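Undergrad: Input: one structure, supplied below.
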């Protein structure tokens with residue numbers, strides 16, 4: 284999979300390689316540069332091939348080690364350009380929701396552990412087909428995108444196969460308001476909550492529900508996904524934000540951990556879901 288973010292990281296890697304090859308002292312071997320920096324040689328390779336995001340300190344050290352300290356400002360500017368990468372929905376959805384869901388299948392498929400906070404709808408990894416269809420149709424109306432809800436639903440349902448693969452772990456927190464949101468017909472929401480009740484106790488899922496009356500250390504704010512320790516995605520009305528710098532990932536993980544302190548799990552989570560389920564007039 285190639286994304287705008289990944290292409291930008293690869294471009295930065297090529298620039299790092301150019302600086303190494305065109306050092307004032309002549310070409311510096313990767314092994315030699317690693318020794319100067321006190322790094323593993325594999326780190327040099329990963330940075331130059333766009334497989335790892337450098338830190339600001341990495342870039343400063345690189346520029347100095349190849350004898351081009353003035354290049355640091357340029358490198359830092361490149362890094363800032365994709366640490367917060369905005370992916371416009373208008374551009375992403377030009378061909379419909381289906382291709383976007385297929386991209387997400389790839390991203391999730393490459394991940395082993397997910398930490399998710401949902402405050403507006405049931406998490407996509409746990410949705411029923413009818414619930415997902417309702418959401419896609421509403422977004423089609425809002426954004427005036429191609430009508431391919433069925434393709435999007437099929438892609439999202441395939442993604443859920445991830446839950447049944449060994450070594451995977453979905454850690455999902457949901458605001459009780461997301462359970463109550465009438466974004467679909469009552470009978471669809473009722474079936475969705477039944478599905479959610481059955482998820483509690485799955486080996487690959489740790490589901491926490493933050494009740495409406497729970498004491499909160501932070502406002503519920505916007506939803507987000509943390510994919511392993513490599514990326515955070517945040518969805519807004521106009522765009523999806525991809526964040527890959529270590530400090531930002533650490534910040535979102537602290538947010539998730541803080542919200543998790545207000546959640547209930549297991550039988551208590553089932554009680555909250557069941558209470559919402561009983562309130563639905565079908």
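In our numbering, the protein residues as written are 284 to 565. For each residue, glycine too, the CB sits at the ideal point set by N, CA and C. If you're wondering where the values come from, they're calculated on a predicted model, not measured in any experiment.
1) Go through its chain and collect everything with a Cβ distance to residue 310's Cβ below 6 Å, but skip five positions before and after it.
2) Where does residue 453 sit, in a helix, a strand or coil, going by DSSP?
3) Could you pull the DSSP bridge partners for residue 509 from this structure?
4) Just to confirm before moving on: does the CB-CB distance between residue 565 and residue 462 stay below 8 Å?
5) Going by CA-CA distance only, name the one from 405, 300 and 499 that's closest to residue 479.
6) How close, in whole Å, do the beta carbons of residue 546 and residue 509 come, if the pair is a contact with beta carbons under 8 Å?
7) DSSP puts residue 492 in a beta bridge; with which residues?
8) What whole-angstrom Cβ distance do residue 417 and residue 466 have, given they're in contact under 8 Å?
9) With burial defined as no fewer than 16 other Cβ atoms inside 10 Å of the residue's Cβ, what is the status of residue 553: buried or exposed?
10) At what residue ranges does the stretch 324 to 386 contain a whole run of the beta strand (DSSP E), taking only runs of 3 or more?
11) Counting along the chain, where does the beta strand (DSSP E) carrying residue 522 start and finish?
12) Along the chain, where does the alpha helix (DSSP H) containing residue 417 start, and where does it finish?
13) Out of 378, 501, 338 and 562, which one is the CA nearest neighbour of residue 532?
14) Report all residues from its chain with a CB closer than 7 Å to the CB of residue 450; omit the five preceding and five following residues, and keep chain order.
15) Assign residue 322 to one of three DSSP states: helix, strand, or coil.
16) Please report the Cβ distance between residue 413 and residue 473, rounded to the nearest whole angstrom; I am assuming they are in contact, meaning their Cβ atoms lie under 8 Å.
17) I need the DSSP call for residue 556, collapsed to helix, strand or coil.
18) Once the 5 residues before and after residue 501 are set aside, which same chain residues still bring their CB inside 6 Å of it?
19) Using only the alpha-carbon positions, how far apart do residue 429 and residue 382 sit?
TA: Taking the structure as given:
1) Closer than 6 Å at Cβ, skipping near neighbours: 304.
2) If DSSP states are grouped into helix, strand and coil, residue 453 belongs with the strands.
3) 398 and 515
4) In this structure, residue 462 does not lie closer than 8 Å to residue 565 by Cβ.
5) 405
6) With a Cβ gap of about 16 Å, residue 546 and residue 509 do not count as contacting.
7) 457 and 547
8) 6 Å
9) Under this definition residue 553 is a buried residue.
10) Counting whole runs of 3 or more residues, the stretch 324 to 386 contains the beta strand (DSSP E) stretches 367 to 371.
11) Element bounds for residue 522: 522 to 526.
12) 412 to 426
13) 338
14) So the qualifying residues of the chain are 395.
15) coil
16) At roughly 10 Å, the Cβ-Cβ gap does not stay under 8 Å, so residue 413 and residue 473 are not in contact.
17) helix
18) 541
19) Approximately 11 Å, taken between the alpha carbons.
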